[in-house]
Structures are given as structure tokens and as C-alpha cells.
Amino acid sequence: MNFDLTPEQDQLRDAVRALGRRYGHSYFVAKAKSGEHTTELWSEAGRLGYLGVNIPTEYGGGGGGITELALVCEELAAAGCPLLLLVVSPAIAATVINKHGTDEQRKRHLPGLADGTQKIVFAITEPEAGSNFHRLGTVARRDGDDWLLSGRKCYISGVDEAQYVLVVARVAVGDGQGGSGDASPQKLKPALFIVPTDAPGLTRSKLDMEILSPENQFLLYLDDVRLPADALVGESLDAGLPALFAGLNPERITVAAMGAGTGRYAIERASEYTATRKVWGGRSIGSHQGVAHPLAHAAVQVELARLMIHKAATLYDAGRDLEAGISGNMAKYAAGEAAALAVDTAVQALGGAGMTTEYGVATLLGAVRAGRIAPVSREMILNFVAQHVLGQDKSY
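Sequential numbering of the sequence shown, starting at 4, is according to the working numbering.
Shown next, in the form of C-alpha cells:
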């Protein structure tokens, strides 16, 4: 058991940390409040190779794994710049295409994903079904050699920044072609499609969110969106389910890493303040246990989450998918709780200053609260652990 990063991973972490601090939380907040995107940071991270660390070298990536991408997510968040699209484009889309896409799809999309010139977002959640792919209402059907997609998606991040959206749909398989067979729910199987965001029939509506973020959320409407045959991820419909699951573990691990980084950022900001703020008798407020102990407790929780993230990423990169699924869910749960605790504790420690934009912690309250809900709720993770770790009957 080794808790040390490799020299290359250490160098990556240090380099990403330096980049993130050069931009900082004030940059992140200014972009979010003005309705702009973090284009400059994203582009520079792409040019430096940080967005493609998990993509094979033959497609312009770094040849690493989710461990390396988690480091990028964590360090940017620890600098006050938690970039949600790192989870969506490099972690989910690039992993799905690399593992289950065709050779042509890899050649077409992975180089742009690696250098940041292309973004692919992810659409699974629906108004009625949530993220339960067994109940998805978005359906793809054959029309000659083409596909036609119809349905609705919600809470889809970054559609306005992306050239493509990876859409999870269901296809009728009664006739073996996904066309005229019985379309009852039991006869539908998942399939993933790479859809241009400017495709005719695809429209979007921006959702107003109470989260300070440069990434926007959208409702998507697919009205007989016509796609060529090669928009289907993989060589056949059999690739659908493995491709879908291929993106879930990287998603959970990188979301967790972003949460842990955010927790580190909040604790660092609060610790700097409490170590220098003097009110009673010339002593720092951090010398009082009522202030120091909650911060120390939050620091312990963040560090525990980081350990589980490292375990999950290591297992995933080793190809131990089942174990990585358990650890990835635990990491996401732990990091979501730890990040929310750290930011709330930082606000409390700073008092009134904690609620100002200047001190840069209350600006993260919405994001860390959302981290306990998305991309999978804490309750669903507890259901998963109860079933797969404790051997309880499935409860949903």
C-alpha cells in the first residue's frame, strides 16, 4: 500500500496548483457573476496538457488515468476554480469514447478533448426519470440508415459551451434493428449518441439556478433529431450499456476530487483569517477551541475523503471496476459531505466577513450543497452501499 504520488504526479499537481492560483477564486467569481465562462483558464489548461491527462498519447493526451485527472480537478478547485466541465468532458465523454467508441470516433473527438478545443457534455437526466436509465423517455429509432432521437433532458451542464452532447437514449430491440419492434420498457436498451449541439431539432432552455457558477444548466428538447449511423457510440447497440457505465465511475471520482479541493480551499481561507484575526486580549480567534476545533474537524473529514478518492482512482486505473464502483460512490459521498461541512464551517469562523464576496467562501455555498445531490444523491449512494457492501435487499 503506497500513499505517495509518483514524481510525475507530484509535478502535475504542483503545475496545476500554480496555474489555478494564478487565476484564483476572484477570477472564477467574476466570470460567474458576469455570465461569462472560464474560457481563458480552460484554454490554457488545455494547451498545457492538463485536460487530456487521462487520454492516450496517440490522441494527444498524457497517457495517464483517472488518478491524474482527479489531481487536476482537485488542485484547480483548491485554488478556488472548481471547473464542472472537467467532470463532464474529459472524465465522462473522453472515457466513454476512448473505451467504447469506434476508431473513427476516437480520431475525430479525442484530440480536441485532449487540448481543450472540443467539449462534449453529457445528457442522461430527465424530468420524470431523473438519472434512472431504466425509465428514460428519450428514444432513438431507425429511419433508413439514420437515427431519429426524441425526448427531453434536464440539468445538462455547459451545452452553450460545447460542440457536442453525449445523449443517453433507449432503443427498441424487438426486431434486432432498433426500429419496428415492441417498444415496451422491457424491450428497450440504452444507447449513447454523439449529437452536435447545433443539430436541427435540438433546442435548449437555460435553467435559472441558485448556484454561483460559470457553467450554465439547461433543459434540452430533442424533436426527431436526425443523426447519421456513425453517431451511435460503438460498433453496435451492444456497446450501449458498457459505455454508459464506463462514464459513471470517472464521474463520481472526479466530482469527489473537485469537492475535496473545494473543502481544502475553504479551510485554507478560514485558517488564514482565524490565525491573524485578533479580537479578545490580543489573541487570535483561532487560539480558541470553539473556533479551531470545528475547522480541525472539517480538515479531518476532507483528508478522509481524499484518501477514499485516491483508493477509488487507483482501483479504477487498475481495471478493478466493481471495487472502483464501491469506492467511487463512497468517495463521492464522503467528499460531498466534507466539502459542505468545510465551506459552512469557514463561513461560521469568519463571521460576517464569511458572507461577503471579498473573502470568497460564501460564494461556494450553493455549489457544495449541490454536491450532496448531484450527480447522484447521498441517499442513492447509501442505498448502493447497503445493497452491495452490507448485502441488504434492494430498496428501490
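Just so it is clear, CB atoms sit at the ideal spot from N, CA and C, and this is done for glycine as well.
Note that the region 342 to 349 touches the region 292 to 301; at least 3 beta-carbon pairs, one per stretch, sit closer than 8 Å. A direct Cα-Cα distance of roughly 14 Å separates Glu340 from Gly331. Met358 sits exposed, since fewer than 16 C-beta atoms from the chains shown fall within 10 Å of its C-beta. For Thr206, no alpha helix (DSSP H) encloses it; the enclosing beta strand (DSSP E) starts and ends at Leu205 to Leu210. The beta carbon of Val198 is closer than 6 Å to those of Val168 and Val170 in its chain, skipping five residues each way along the sequence. DSSP, read as helix, strand or coil, puts Pro199 in strand. Between Ile214 and Ala96, the C-beta gap is not smaller than 8 Å, which leaves the two residues out of contact.
In the structure shown, the three-state DSSP call for Phe6 is coil.
For Gln121, DSSP records no beta bridge to any residue. In the DSSP annotation of this structure, the continuous segment of the alpha helix (DSSP H) that includes Leu385 starts and ends at Arg381 to His391.
Contact annotation, Glu71 with Arg20: C-beta distance approximately 14 Å; criterion of less than 8 Å not satisfied.
Approximately 5 Å separates the beta-carbon atoms of Thr265 and Ala80; this is inside 8 Å, confirming the contact.
Between Ala249 and His103, the C-beta gap is smaller than 8 Å, which places the two residues in contact. DSSP places Arg155 in no alpha helix (DSSP H) but in the uninterrupted beta strand (DSSP E) bounded by Asp149 to Ser160. For the 8 Å CB-CB criterion, Leu244 and Lys192 form a contact. With a contact defined as Cβ atoms closer than 8 Å, Ser216 and Gly119 miss out at about 19 Å. When DSSP states are grouped into helix, strand and coil, Tyr167 belongs to the strand group.
Under the three-state reduction of DSSP output, Leu298 falls in the helix class.
Beyond the five residues adjoining it in sequence on each side, Thr277 comes within less than 6 Å, by CB distance, of Ile288, Gly289, Val294 and Ala352 in the same chain, given in chain order. Here Leu222 is bridged, per DSSP, to Ser208. Going by C-alpha positions, Pro253 is about 31 Å away from Arg145. A distance below 8 Å separates the beta carbons of Ala315 and Ala327.
By the Cβ rule, the region 256 to 264 does not count as touching the region 221 to 235, because fewer than three pairs are nearer than 8 Å. Here Pro193 is bridged, per DSSP, to Arg173. Asp241 and Ala234 have their C-alpha atoms spaced approximately 15 Å apart.
Every alpha helix (DSSP H) stretch that sits fully inside the region 298 to 372 and reaches 4 residues is listed by chain position as 324 to 353.
In the structure shown, Val142 falls within a strand segment according to DSSP collapsed to helix, strand and coil. Where Val75 is concerned, there is no enclosing beta strand (DSSP E), although the alpha helix (DSSP H) around it starts and stops at Ile69 to Ala81. Here Lys397 carries a coil assignment [DSSP, helix/strand/coil]. Taken through DSSP and simplified to helix, strand or coil, Gly285 comes out as coil.
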